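**Q** Residue numbers (my numbering): 15 to 154.
Right, dumping it as structure tokens:
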């Protein structure tokens, strides 16, 4: 694989610290969410993952649409990311991607299924996280 882009983020003190990228474009305080016993006063890794996955998946849809010669200028994606204990004493994530497309249902569903094969986040979590997909309110 030829790497097109590389970045580095450094966390200072886990979930109750600071996270900063090497170019300082991202510099955020972190805290545990209230649901996990924290203050909830700052962002958390699950929110950051949801933001990154939703943006990447939206772009994958737009990329596939261009390849398929489908006129599409927007591809809203909401990523719901959950965290909880797994069976081995660690933790696991859940992901649900909800896509809204102004296309007929068959075309919209095919586009999302193909984007799921193209998206680097989807490829990264494949076999590790069961990603639930829906398009215009219909589960795939």
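Beta carbons are placed, not taken as given, at the ideal position from N, Cα and C, and that holds for glycine. None of the values given here were measured: they were computed from a predicted structure.
#1: Does the beta-carbon distance from residue 27 to residue 42 come in below 8 Å?
#2: Among the candidates 83, 100 and 114, whose CA atom is the shortest distance from the CA of residue 89?
#3: So what's residue 88 in DSSP terms, helix, strand or just coil?
#4: Buried or exposed: residue 147, going by 16 or more other Cβ atoms within 10 Å of its Cβ?
#5: Using only alpha-carbon positions, find the residue among 48, 21 and 47 that is nearest to residue 36.
#6: If residue 119 sits next to residue 152, beta carbons under 8 Å apart, how far is it from one beta carbon to the other, in whole angstroms?
#7: What residues in its chain sit with their C-beta under 7 Å from that of residue 78, if we drop five residues either side in the sequence?
#8: So what does DSSP say about residue 98, is it helix, strand or coil?
#9: Below 8 Å between beta carbons: does that hold for residue 93 and residue 111?
#10: In whole angstroms, what is the alpha-carbon distance linking residue 44 and residue 30?
#11: Which word fits residue 100, buried or exposed, when buried means at least 16 other C-beta atoms lie within 10 angstroms of its C-beta?
**A** The relevant details are as follows:
#1: no
#2: 114
#3: coil
#4: buried
#5: 21
#6: 7 Å
#7: 125, 128, 129 and 132
#8: strand
#9: yes
#10: 5 Å
#11: exposed
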